[in-house]
Each structure stands twice: as C-alpha cells, then as structure tokens.
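A.B. asks: Numbering-wise (the numbering used here), the sequence shown opens with residue 912 and increments by one. A single structure is presented below for examination.
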Amino acid sequence: IMGSYTNMTVMPNETHILVTATGYPPIEWPPHGGIGPVIPPNVELRMVLSDDWSKGIAQYKYFANGNWHEITDAPVEKIPC
C-alpha cells in the first residue's frame, strides 16, 4: 500500500487530516527476474479524519470478481492498542 496524508483547514479553527492510499495485489517475483509486470491497483482509499486522528469518514473502492465495488460514508474510529 502506498499513501500520504495532509492537513486541510476547512474553517479558521477547524482542521482535518486527509489520508489517501492505493493498494496493489501481492506478487511473487523471482529475485533476479528483472523489472516485472505492471500491476494495476486493486484498492483506493480516501479518509477525512479529525485533527487528533481519532474518528472520521472514509470512502474506498476495491476490485473483485472483475468489477470495482465502492463504499462511501464509512465511519472510521480509532481502536485502543
């Protein structure tokens, strides 16, 4: 999975965190096999989180059975470690 996050200020006193990530299926490639094939992504994620990273809303899509499946307005919640 590759991704990044950034702070975004919506109002002068309201900051959120935008997290984006792209996932790829695992591939087993021989150590000296060369560059290898181009692998298209199979997961895309966007989350908007509170400024303390504790909760927010996510939308994501994943590729399965030949089609993309999209989930919107999924609640995100920090779980205790």
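Cβ coordinates follow ideal geometry from the N, Cα and C atoms, glycine included. All figures in this text were calculated on a predicted structure; none of them were measured in a lab.
When DSSP labels each residue in this structure, what does G934 get in the three-state scheme?
C.D. replies: Here G934 sits in strand by DSSP.
A.B. asks: Hey, quick one: how far does the beta strand (DSSP E) through P986 stretch, first residue to last?
C.D. replies: Counting along the chain, the beta strand (DSSP E) containing P986 begins and ends at 978-988.
A.B. asks: With N953 and Y971 assumed to form a contact (beta carbons below 8 Å), what rounded beta-carbon distance in angstroms separates them?
C.D. replies: That belief does not hold up - the Cβ atoms of N953 and Y971 are roughly 11 Å apart, past 8 Å.
A.B. asks: For I968, report the span of its beta strand (DSSP E) as first-last.
C.D. replies: Residues 966-975.
A.B. asks: Taking the C-alpha atoms as reference points, what is the distance between G977 and P923?
C.D. replies: Going from the Cα of G977 to the Cα of P923 covers about 44 Å.
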